[in-house]
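K.L.:
Numbering (our numbering), first residue to last: 1 to 290. By construction, the Cβ of each residue, glycine as well, lies at the ideal position given by its N, Cα and C atoms. Predicted model, so just to flag it, every value in this text is computed and none were measured. Supplied in structure tokens, the structure appears directly below.
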């Protein structure tokens, strides 16, 4: 099931995408007003929604007639992100920084501010007064459905509500100048997300998904999630060892090789560019650069 959040004037709505049509459940008939509300209602609520789909009351609209927002437009907490989770990305980064390529033995975790989140089609600001090195990063994002602490790797995928696409846009000069990731990863508009959430039952194996990024139609990244150093189940298990994961938490699982700063010569986004991030079984997240 593909779930979207769309703008309706000053408010938002929840929709279910079927081909090029969107079913908008009527909240008065037991529907939910938002994806976050549906997640909060628990796994049984999603199962009930799926069972009722053939007879669901509500309006139908064309997908291309709606303005899509990020599936969770304002996450309650920062997006948790993994750095260096693909070996080839570790290697290309090491070449640029002139250090030994050492594959991490534990996940490297940082966060992106919730104010960085934008939806499909929204413009990524160039932030010309802040950075000259805006870079792209396609990533599989995991949305937690059932919270918990000390989650075993064997049961970790049972806690997943669904998956979406994130472009972890990064201001490299800010990132490297401050010797940490948070500022360079959290500029406004640098976390495009979407175009929807695909529920976990439609992606039983998150480690078998091709992911790509393109800038102005030219492929920059092309890899598969099977190449992750730490798979999704491991990531969830490690993050939850001493920290409670909550429904609606979002985890970006890292980017493969092919980012701009590691190219020869380096390449960075500029006004007028169009960035596409695509993940198999999910879809294409497309954003212009303002």
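In whole angstroms, give me the CA-to-CA distance for residue 114 and residue 100.
P.N.:
Numbered from its first residue, the chain shown carries residue 114 at position 114. Numbered from its first residue, the chain shown carries residue 100 at position 100. Their backbone Cα atoms lie some 33 Å apart in a straight line.
K.L.:
Hey, residue 175 and residue 268 are a contact pair by Cβ (cut 8 Å); roughly how many whole angstroms apart?
P.N.:
In the chain shown, the residue the question calls residue 175 occupies position 175. In the chain shown, the residue the question calls residue 268 occupies position 268. Residue 175 to residue 268, Cβ: 12 Å. No contact.
K.L.:
Give me the Cα-Cα distance between residue 242 and residue 89, rounded to the nearest whole angstrom.
P.N.:
Translated into the one-based positions of the chain shown, residue 242 becomes position 242. Translated into the one-based positions of the chain shown, residue 89 becomes position 89. Going by the C-alpha atoms only, they are around 28 Å apart.
K.L.:
Compute the Euclidean distance between the alpha carbons of residue 274 and residue 25, then round it to the nearest angstrom.
P.N.:
Translated into positions along the chain shown, residue 274 becomes position 274. Translated into positions along the chain shown, residue 25 becomes position 25. Rounded to the nearest angstrom, the two C-alpha atoms are 33 Å apart.
K.L.:
When you compare each of 235, 194, 13 to residue 149 by their alpha carbons, which one comes out closest?
P.N.:
Locating residue 149 in the chain shown gives position 149, counting from the first residue. Nearest option by C-alpha distance: 235.
K.L.:
Just to confirm, is the Cβ distance from residue 208 to residue 160 under 8 Å?
P.N.:
In the chain shown, residue 208 corresponds to position 208, counting from 1. In the chain shown, residue 160 corresponds to position 160, counting from 1. Not a contact, by the Cβ cut-off of 8 Å.
K.L.:
Along the beta strand (DSSP E) that carries residue 184, what are the first and last residues, could you check?
P.N.:
As a working mapping, residue 184 is identified with position 184 in the chain shown. Taken as a continuous stretch (DSSP letters only), residue 184 belongs to no beta strand (DSSP E), being part of the alpha helix (DSSP H) at 182-185.
K.L.:
Residues in its own chain within less than 8 Å of residue 58 by CB, not counting five upstream and five downstream?
P.N.:
For this step, residue 58 is matched to residue 58 along the chain shown. Excluding positions up to five away in sequence, the list reads 23, 24, 25, 26, 29, 31.
K.L.:
Taking the beta carbon of residue 83 as the centre, do at least 16 other beta carbons fall within 10 Å, making it buried, or is it exposed?
P.N.:
Taking the first residue of the chain shown as position 1, residue 83 is located at position 83. When all chains shown are included, residue 83 counts as buried.
K.L.:
From the DSSP output, in three-state form, read off residue 161 for me.
P.N.:
Translated into positions along the chain shown, residue 161 becomes position 161. In the structure shown, residue 161 sits in a strand (DSSP, three-state: E or B).
K.L.:
To which residues of the same chain is residue 167 closer than 7 Å at the C-beta, ignoring the five residues directly before and after it?
P.N.:
Stepping through the chain shown from its first residue, residue 167 is reached at position 167. The residues are 136, 137, 138, 192, 275, 277, 285, 287.
K.L.:
Round the Cβ separation of residue 118 and residue 289 to the nearest angstrom and send it over; I've been treating them as touching at under 8 Å.
P.N.:
Counting from 1 along the chain shown, the entry for residue 118 is found at position 118. Counting from 1 along the chain shown, the entry for residue 289 is found at position 289. In fact, because the Cβ distance is near 12 Å, the residues do not count as touching under 8 Å.
K.L.:
Provide the residue span of the alpha helix (DSSP H) that contains residue 97, from first to last.
P.N.:
For the purposes of this step, residue 97 is taken as the residue at position 97 of the chain shown. Its alpha helix (DSSP H) spans residues 87-97.
K.L.:
Between which two residues does the alpha helix (DSSP H) carrying residue 132 extend?
P.N.:
Locating residue 132 in the chain shown gives position 132, counting from the first residue. It is not in any alpha helix (DSSP H) - residue 132 carries neither H nor E in the DSSP assignment.
K.L.:
Start and end of the alpha helix (DSSP H) containing residue 235?
P.N.:
One-based indexing of the chain shown puts residue 235 at position 235. Element bounds for residue 235: 232-239.
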